[in-house]
Structure formats: C-alpha cells, structure tokens
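Trainee: Chains as they are written, first to last, in UniProt numbering: chain Y, 1 to 197; chain F, 1 to 197.
Each residue gets a CB set at the ideal place from its N, CA and C atoms; glycine is no exception.
Note that the coordinates shown come from a computational prediction; the quantities given were computed from them, not determined experimentally.
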DNA sequence: CGGATGACAGATTTCAATATCTGTCAGTCG
DNA sequence: CGACTGACAGATATTGAAATCTGTCATCCG
C-alpha cells in the first residue's frame, strides 16, 4: 500500500479498510492496520469514524448497498409482477451466495455485524423489504396478486425465503438440492400470493 | 448428586449429563463432571458412549424426541388438515421458543450440535418433515390442498417457517411483532397450498 | 467373565504476564 | 486555523506454562 499523498477522505479510508478486511478477516483487522495501509497515524482514521464499529459498519453498508442497487433494477423492471418477483428473489439468492463464496472475509464481517446492534443491516433489510413491497403492490394493482397489505405480504415473503439469503445459512447454500428447495419455496409463496378467482 | 448404587445405565448417564449441562452449559460441562455427579470414574462413562460428542448427541436426541413426540400427537389429530397444519406449526414454534427460554443451556447445546456433523439434528428435521408430509398428504386426499408432491411441499413449508423454529433465530423470538410475522407467513403458505378451484 | 477403575499420553483449556489495540487529546506543523 | 501526530490510559488480545480434560487400556474385583 503506497502512502499516496492525496488528502485523506472517508472514501479512501473505506477502500483501505475493505482491503485490510479482505486480507486479514474481521477478527484480526485493526484500525492500526488500516492506518498503516494508508500511511497515516491511526488518530487520523478516528477523525473520520468515531469508533472501529462505526468504520466496520460503514464498510458493510457500502458493500450491502451494492447488492441493493443491483436488485432495485430488477424491482423496477418492465415485466409482469410475478416474473419480477421470481427474478428478484433469484437475484437476491444468487448475489448473497456469490458474495459468500468469493468474498468470504467481507461476508464474515457482515455476519459479525448482523449479530451486533448496528443499524446498517436493519436498514438493508428494510430497503429490500420495500423493494419487495413495490413488486407486490404492482401485482395487486394488475390484479395478479391478492394481498390486502402489500407491506405485510412483502415481509412474509422475505422472512419465508430467509433460508436463501440469511447469512446464518450460508454454509448450506452449496449443498446439492438447494436449487430445488429454493424453487419449491418460491413456487409455494407465489401460489399463495396469486389472486384466487 | 448422591452416588446412588443402582447399576450404571446409559439412561442414568443421560439424566446426569442433562443435569450437568443445565448447570454448567455446553462450553464447560465435562465428562469428568458427569462421572463425578454419578459417583463413578469417567472411564465407566466411556463404556456406554464412545466419545463426548456421542454423549452430547444422545442427550440432545432425547431432548429433541420429546418435542417430536408432542408434535406427532397434533399431526395425527382428528381435525381438518388445514387446522392441523396451523396447529402443528404453531406448536412447533411455541415448543422451540419455550425451550429456548426456559432451558437455555440445553438449547445452547442443541445449537452447538446443529453446527456439527452429527446425525441427531438431521434425523429430527427428517422426522418433523415427515409429520408435515402426512398432514399435507391428508389435505391432498380430502381435496383441500393441491400439492402434486406432498413431501416436497412439506419440505418447502418447513424451510419457509425456519425463522420460527431454527435455533439461529432464537434471539428474535421474543421481539414484538414476531407473532404477527408468524401468522402472516403461515397464512401465505396455507394459501399457497390450497386447491384453487 | 463382564463391568468398573485409575494411571497415562496427547489434546485442550485456563491463567497470568505481556503485548497490542482502541479511543482521547494536548500539541505540532503547514 | 484545521488536519494530523504520537503519547497515553484503559480495554482487549496474545502467549506460553501449568492444569485439566479426553480417550485408552492394563488391571482389578465380584
């Protein structure tokens, strides 16, 4: 890490922190490591982030926001609501599974954060639920779905698919049969949402 | 623990182990503690259980079987399948939540075991899924449910309700709104199972 | 003979001393 | 003046030595 002489910004700190986390993992990454990577004293890092927990949370937030951003594209796509819902759930599962596989250290950081009080994970969930709410609301408007309360239905769908996006199940995502299980749960939920004529 | 002079049986060892686990928790309970509680040498315990892990698994199995037993009563009850399904899921949730609350040490042991390779948890899940399969099969036979594959549907229902019986969510079971969330998920799943005329 | 024992080796855990880290802040420097 | 530094106190993590535990087995006892 060359101590580039650009001004120290929150953004540069986040980038360095992500790199340090990737290299050392959440258990061993320290604020001192981050400062060293940037060629500054650790006191300077504390000028931008009040605590180590805040720094970790900011990194995770950035990382989660990337996922949310990709998914929001699908949520707004120009397709019938049922297809959009299926695509969205499949994309959520695929994204989480990919992150768990190819960015294990950052994923571990995310799991640590899930267990803490932090607001980042809570906000991420709220964001995802509101994307789901929009899809279901669209389905209610076209008459495809029968939910009386789109928000409650979105929450139920999100919770019922937890096995396929909640980090505590990450280990099981690579086991054979998982794809079929996912398809079965999604089919059941979509069937439950459909308007019964 | 008085060193009662009855012969040493697997059953007595399991009882003592459960007591030791309850008192010390899974992290601190040792085989030596169990032997001390029984007034025997720890070598004698190894005559009945090959390893400490096997002992822990046997205790958990006994503990899980008690839950399975209670639930099977509901699965066989003389009610319409939909009501039976709702009762069964509610009872499963209630049982897990109660155990987590009033037997935290044994529940923690169960969580340790969930993370290990052991077969006890897998068998417990298989057992519960087969109870669910029987309820759904009954519903298919009465024409209330539309599943083409009762076993796959049962698996989907079980996985979709994971948030309300999987130990990794235990912390959240006492939060306000959990009851409503549970009801919403169950309603959605039951609606998904119903035959659409 | 079948069940129980206790000494044992190697693995794991505990504990206390040591080192490192977190978060603060008075002071430096451009 | 305001961004940065580095020394500091208290908290946390690491380390290595000692204690305990796991699992085995030759031996004992009824």
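Counting Cβ pairs, one atom from each stretch, are 3 or more of them under 8 Å apart for the segment 17–37 of chain F and the segment 69–81 of chain F?
Mentor: Contact between the segment 17–37 of chain F and the segment 69–81 of chain F is absent, because fewer than three Cβ pairs lie under 8 Å.
Trainee: Measure the Cβ-Cβ separation of residue 83 (chain F) and residue 134 (chain F) and say whether it is below 8 Å.
Mentor: Position 83 of the second chain, counting from 1, holds the residue named residue 83 (chain F). Position 134 of the second chain, counting from 1, holds the residue named residue 134 (chain F). No.
Trainee: With a 10 Å radius around its C-beta and 16 neighbouring C-beta atoms as the bar for buried, classify residue 157 (chain F) as buried or exposed.
Mentor: Taking the first residue of the second chain as position 1, residue 157 (chain F) is located at position 157. By the neighbour-count rule (16 or more Cβ atoms within 10 Å), residue 157 (chain F) is buried.
Trainee: By Cβ distance, which residues of its chain are closer than 6 Å to residue 225 (chain Y), with the 5 residues on each side in sequence left out?
Mentor: Because chain Y in this structure spans residues 1 to 197, residue 225 (chain Y) falls outside the shown range and cannot be described.
Trainee: Any residues in the segment 160–187 of chain F with a beta carbon nearer than 7 Å to a beta carbon of chain Y? Which ones, in chain order?
Mentor: Hits within the stretch, in order: 160, 162, 163, 168, 181, 184 and 185.
Trainee: Hey, how far is the Cα of residue 178 (chain F) from the Cα of residue 93 (chain F)?
Mentor: Here residue 178 (chain F) corresponds to residue number 178 of the second chain, with the count starting at 1. Here residue 93 (chain F) corresponds to residue number 93 of the second chain, with the count starting at 1. Distance between the alpha carbons of residue 178 (chain F) and residue 93 (chain F) is about 11 Å.
Trainee: Does the beta-carbon of residue 182 (chain Y) have 16 or more other beta-carbons within 10 angstroms, so that it is buried, or is it exposed?
Mentor: Numbered from 1 along the first chain, position 182 holds the residue referred to as residue 182 (chain Y). With 16 or more Cβ atoms within 10 Å of its Cβ, residue 182 (chain Y) is classed as buried.
Trainee: Could you tell me if residue 159 (chain Y) is buried or exposed, where buried requires 16 or more neighbouring beta carbons within 10 angstroms of its beta carbon?
Mentor: Reading the first chain from its first residue, position 159 is the one you call residue 159 (chain Y). So residue 159 (chain Y) counts as buried.
Trainee: When DSSP builds the beta bridges, which residues end up paired with residue 145 (chain Y)?
Mentor: The residue labelled residue 145 (chain Y) in the question sits at position 145 within the first chain. Looking at the DSSP assignment, residue 145 (chain Y) forms a beta bridge with Y:194.
Trainee: Any Cβ of chain Y within less than 8 Å of the Cβ of residue 196 (chain F)?
Mentor: Locating residue 196 (chain F) in the second chain gives position 196, counting from the first residue. Cβ-Cβ to chain Y under 8 Å: yes for residue 196 (chain F).
Trainee: Under 9 Å between beta-carbons, which chain Y residues line up against residue 131 (chain F)? List them in chain order, please.
Mentor: For the purposes of this step, residue 131 (chain F) is identified with residue 131 of the second chain, where counting begins at 1. Chain Y residues near residue 131 (chain F): none, gap ~18 Å exceeds 9 Å.
Trainee: Between the Cα of residue 14 (chain F) and the Cα atoms of F:36, F:60, F:28 and F:41, which residue gives the shortest distance?
Mentor: Within the second chain, residue 14 (chain F) is the residue found at index 14, counting from 1. The shortest C-alpha separation from residue 14 (chain F) is found at F:60.
Trainee: Could you tell me the alpha carbon to alpha carbon distance between residue 114 (chain Y) and residue 129 (chain F), rounded to whole angstroms?
Mentor: Along the first chain, read from residue 1 onward, the residue named residue 114 (chain Y) stands at position 114. Along the second chain, read from residue 1 onward, the residue named residue 129 (chain F) stands at position 129. Distance between the alpha carbons of residue 114 (chain Y) and residue 129 (chain F) is about 29 Å.
Trainee: To the nearest angstrom, how far is the alpha carbon of residue 184 (chain F) from that of residue 161 (chain F)?
Mentor: Numbered from its first residue, the second chain carries residue 184 (chain F) at position 184. Numbered from its first residue, the second chain carries residue 161 (chain F) at position 161. Looking at the two C-alpha atoms, the distance is approximately 11 Å.
Trainee: For residue 97 (chain Y), go through chain F and note every residue whose CB falls closer than 9 Å to its CB, in chain order.
Mentor: The residue labelled residue 97 (chain Y) in the question sits at position 97 within the first chain. Per Cβ cutoff of 9 Å: no residues; residue 97 (chain Y) is ~16 Å from chain F at best.
Trainee: Exposed or buried, residue 11 (chain F), counting other C-beta atoms within 10 Å across all chains shown (16 or more means buried)?
Mentor: Within the second chain, residue 11 (chain F) is the residue found at index 11, counting from 1. Answer is exposed; the Cβ neighbour count stays below 16.
Trainee: Can you have a look at residue 27 (chain F) and say buried or exposed, based on whether 16 or more other CB atoms are within 10 angstroms of its CB?
Mentor: For the purposes of this step, residue 27 (chain F) is taken as residue 27 along the second chain, with counting starting at 1. Exposed, since its Cβ has fewer than 16 Cβ neighbours within 10 Å.
Trainee: For residue 139 (chain Y), does the three-state DSSP call read helix, strand or coil?
Mentor: For this step, residue 139 (chain Y) is matched to residue 139 along the first chain. In this structure, residue 139 (chain Y) counts as helix in the three-state DSSP scheme.
Trainee: Any idea if residue 66 (chain Y) is buried or exposed, counting beta-carbon neighbours within 10 angstroms, 16 or more meaning buried?
Mentor: Translated into positions along the first chain, residue 66 (chain Y) becomes position 66. When all chains shown are included, residue 66 (chain Y) counts as exposed.
Trainee: Using alpha carbons as the reference points, say which of Y:137, Y:122 and Y:174 lies closest to residue 195 (chain Y).
Mentor: Locating residue 195 (chain Y) in the first chain gives position 195, where the first residue counts as 1. Residue 195 (chain Y) has its Cα closest to that of Y:137, out of Y:137, Y:122 and Y:174.
Trainee: Measuring only the C-alpha atoms, how far is residue 6 (chain Y) from residue 101 (chain Y)?
Mentor: Locating residue 6 (chain Y) in the first chain gives position 6, where the first residue counts as 1. Locating residue 101 (chain Y) in the first chain gives position 101, where the first residue counts as 1. Spanning the two alpha carbons is a distance of roughly 34 Å.
Trainee: Does residue 3 (chain Y) get closer than 8 Å to chain F when you measure Cβ to Cβ?
Mentor: For the purposes of this step, residue 3 (chain Y) is taken as residue 3 along the first chain, with counting starting at 1. Reliability fails at residue 3 (chain Y), whose pLDDT of 42 lies under 50, so the model's placement of it is uncertain and no value is given.
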